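Reviewing the structure listed below.
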Amino acid sequence: MSESVAQPSKKSAGHLIVDTLVAHGVQRIYSVPGESYLDVLDGLHDSPIENVICRHEGGAAYMAEADGKMNSVPGVAMVTRGPGAANAHVGLHTAWQDSTPMVLFVGLIPFEHRDREAFQEFDPHAWFGTGAKRVMVLDHPERASEIVAEAMFAANSGRPGPVVVGLPEDVIKVEVENQLHPQIPIAGGGMTVTDWKALHDALRNAEKPLFITGGNDWTRDGAESLTAWLEDHHIAAAAEWRTEGTVPFHSPSYVGPIGYGRPKPTYDLLEETDLIVFVGTVPGDVITDGFNIRQNWEKKNFIVTIDPSLRGRSGPVSFQIVAKPDVFVRDLVLMDLEVKDSWKTWTAKMRAQQEEFAALPAAEPLEGPATMDMMMSHLVPSLPEDSMVTFGAGEHTNWAHRYFPTESYASMISARNGSMGYSVPSAVAASLNYPGRRVVTIAGDGEFLMNGQELATATQYGATPLVIVMDNQEYGTIRTHQERDYPNRISGTQLKNPDFAAMAEAFGGFGVKVTENSEIPGALEAALSAIDNDGRFALIHLVVEQRKKAY
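Here the sequence shown is numbered in our numbering, starting from -15 and rising by one per residue.
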């Protein structure tokens, strides 16, 4: 029997930060190193946490944000002061608008250099105060573990979001008592008797009820329980923009996504339904098409969110239930309602429209220039049921919205703040989190070059996503707006691109360039073989014509 190793009575604050992250269940962090937090990097050396070294702070922050979407533990990124912190800000904005739990650790100048315009000095409170739930600076080394526990709590409690922790490089080197702060429990809320009765009566009186799911504050068990209850009661469910999969793609209750460029049936149902139950989200800008749809206060909306402020909400609020989605679902499934024929008719109608919308394009004949329609017609039948899709922002994302079979939470990882450059970093994070699953990312040509360098990170850590780059030689979404407001005056939207397949090969992956539809089946087969047999990421550079859209 081996003897237990005695723990030292003291540790540096930096090492204690790492120990506290381990105690909170953090399995990996995403970082770009800096001399300002060397003691934390040293603490990571012998810890069970995997330190994924990224090539740009924006990529690291995106990976941590994606990590927070996929797990119950906040995603964690570490960057250095000044320029490093500035580069990471894009991930914070994504986490803020997407309500993603995330903690960003930022190395800072020494405490004694503060307010002297030291090299790379900046004020974390001024920079991040309006875009993070909390900004904390570790000025007292004995509070190192406490500050980390508070940060993890703040990121996950209430409406989830980003937290910033500043680490002065001299403070984290100070030795303190080796004692970890306990994990702080997070309240989940729940339905009161009054809540339960109000929702029960509203559903019983509704003829066309609709649930809208959204946000990142779910678990797979909660999503599956809600799906089973909805199907048992023949009640329809739509998905907030870029959050598909909470109610599975093939569920008879799933009636489609609601967001920018939404298909007409799901656009109309917001006005047609006589009761909406929002779970995990609120009727915000995107869902209501710029705060225009469903603004009549005679409409009936129940909003289920742990955030009592209802931040981002517009339009009528009939009733708020203060609860996290899983806790709400735990109580909802105890509600047994008599199923109305009108529910069946309404849900079946909307489901039929969704099935028509999501029906794959014809896979034959393989003629003409390459198209995303043809790519999806061959890709989707090859996908295992647990496949995941990631993407950033742009018109290329609409092919995923329309056709990708998201069958579980969380199988669609995206940026609801419209942030470009998210596709590759989020795919790397997804592949590292779920190495046995098929991870596909659909990137636009403009978006890909914003963080495509993180394919080097994929190679270094064995991530194996399938990257499809839709190359239409333009910033397509902006061109669409431009043609609407300034027709026939193209300005600032056209691109000349490199050979993305050659880039993939240079980064250590498999790359193939496709210009004709006839090349798609062979290219897809070769790419999937490289992933499954060679253990490396694969990229298909799909050169398409301009102005071709998913819908």
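Cβ atoms here follow ideal geometry from the backbone N, Cα and C, with glycine treated the same way. Note that the structure is predicted; figures quoted are calculated from it, not measured.
Take residue i as the anchor and find which of the options has the nearest alpha-carbon.
i           : options               : result
residue 237 : 257, 210, 224 and 187 : 210
residue 380 : 333, 425, 134 and 18  : 425
residue 194 : 255, 165 and 359      : 255
residue 463 : 364, -10, 478 and 454 : 478
residue 431 : 166, 72 and 404       : 404
residue 164 : 313, 433 and 6        : 6
residue 190 : 321, 359 and 469      : 321
residue 515 : 423, 438, 102 and 62  : 423
residue 179 : 259, 436, 316 and 138 : 316
residue 68  : 284, 216, 150 and 508 : 150
residue 366 : 72, 3, 220 and 450    : 450
residue 152 : 263, 24, 229 and 52   : 24
residue 498 : 482, 509, 526 and 486 : 526
residue 357 : 377, 117, 244 and 382 : 382
residue 386 : 283, 534, 438 and 510 : 534
residue 124 : 208, 1 and 212        : 1
residue 157 : 93, 285, 99 and 415   : 93
residue 369 : 378, 390, 355 and 118 : 390
residue 143 : -4, 319, 116 and 532  : 116
residue -4  : 21, 159, 118 and 127  : 159
residue 480 : 388, 262, 456 and 503 : 456
residue 420 : 433, 111 and 446      : 446
residue 536 : 13, 461, 437 and 468  : Here the chain has residues from -15 to 535 only, and residue 536 is not among them.
residue 258 : 435, 79, 214 and 280  : 280
residue 19  : 121, 154 and 99       : 154
residue 506 : 460, 350 and 271      : 350
residue 61  : 141, 213, 10 and 482  : 10
residue 182 : 284, 212 and 38       : 284
residue 29  : 8, 3, 45 and 461      : 3
How is the beta strand (DSSP E) around residue i delimited, first residue to last?
i           : result
residue 238 : 238 to 242
residue 524 : 522 to 527
residue 224 : 220 to 224
residue 159 : 159 to 161
residue 57  : Premise fails: residue 57 is in no beta strand (DSSP E) and is neither H nor E.
residue 229 : Per DSSP, residue 229 belongs to no beta strand (DSSP E) and is neither H nor E.
residue -4  : -6 to -4
residue 428 : 423 to 428
residue 304 : 303 to 305
Where does the unbroken alpha helix (DSSP H) through residue i begin, and where does it stop?
i           : result
residue 67  : 67 to 82
residue 338 : 325 to 342
residue 118 : No alpha helix (DSSP H) contains residue 118, which is instead part of the beta strand (DSSP E) from 118 to 121.
residue 517 : 504 to 518
residue 412 : 407 to 417
residue 318 : Per DSSP, residue 318 belongs to no alpha helix (DSSP H) and is neither H nor E.
residue 293 : Element bounds for residue 293: n/a, residue is neither H nor E.
residue 266 : Note, residue 266: premise wrong, no alpha helix (DSSP H); not H, not E.
Using 8 Å for Cβ pairs, my map puts residue i next to residue j. What's the rounded Cβ distance?
i           : j           : result
residue 145 : residue 85  : 7 Å
residue 384 : residue 412 : Contact doesn't hold; Cβ gap of about 17 Å is too wide.
residue 454 : residue 528 : 6 Å
residue 313 : residue 173 : Not really, about 12 Å apart at Cβ, beyond 8 Å.
residue -2  : residue 27  : 5 Å
residue 495 : residue 520 : Actually they do not touch by this definition, with Cβ atoms about 10 Å apart.
residue 353 : residue 500 : 6 Å
residue 524 : residue 452 : 5 Å
residue 225 : residue 400 : 6 Å
residue 414 : residue 54  : 7 Å
residue 541 : residue 375 : In the structure displayed, the chain extends from -15 to 535; residue 541 sits before or after that span and is not available.
residue 262 : residue 288 : 6 Å
At the 8 Å Cβ level, is residue i part of the contact set with chain B, yes or no?
i           : result
residue 221 : Of the protein chains in this structure there is only one, and it is not chain B.
Less than 7 Å between the CB of residue i and some heavy atom of the ligand FAD, yes or no?
i          : result
residue 58 : As presented, the structure is devoid of all ligands, the ligand FAD included, so that no description of it is given.
Unbroken alpha helix (DSSP H) runs of length 4 or more, entirely within the segment 439 to 498: which are they? 439 to 445, 460 to 469 and 484 to 490
Which complete alpha helix (DSSP H) runs does the segment 345 to 396 hold, if anything under 4 residues is left out? 356 to 363 and 382 to 387
Inter-stretch contact (C-beta, 8 Å, three-pair minimum) for the segment 26 to 35 and the segment 390 to 401: no
Runs of 3 residues minimum, wholly inside the segment 6 to 33: which ones carry the beta strand (DSSP E) assignment? 12 to 15
Could you say if the segment 127 to 135 and the segment 153 to 170 meet the contact criterion of at least three C-beta pairs nearer than 8 Å? yes
Should the segment 275 to 282 be called in touch with the segment 294 to 311, which here means at least 3 C-beta pairs below 8 Å? yes
Cβ contact (3+ pairs, closer than 8 Å) linking the segment 42 to 57 and the segment 96 to 106: no
Please give me, in chain order, every unbroken run of the alpha helix (DSSP H) with length at least 4 that falls completely inside the segment 84 to 171. 108 to 112 and 128 to 140
Does the segment 219 to 238 touch the segment 331 to 338, meaning 3 or more C-beta pairs lie closer than 8 Å? yes
Sequence ranges, beta strand (DSSP E) only - wholly within the segment 189 to 220, length at least 3: 193 to 197
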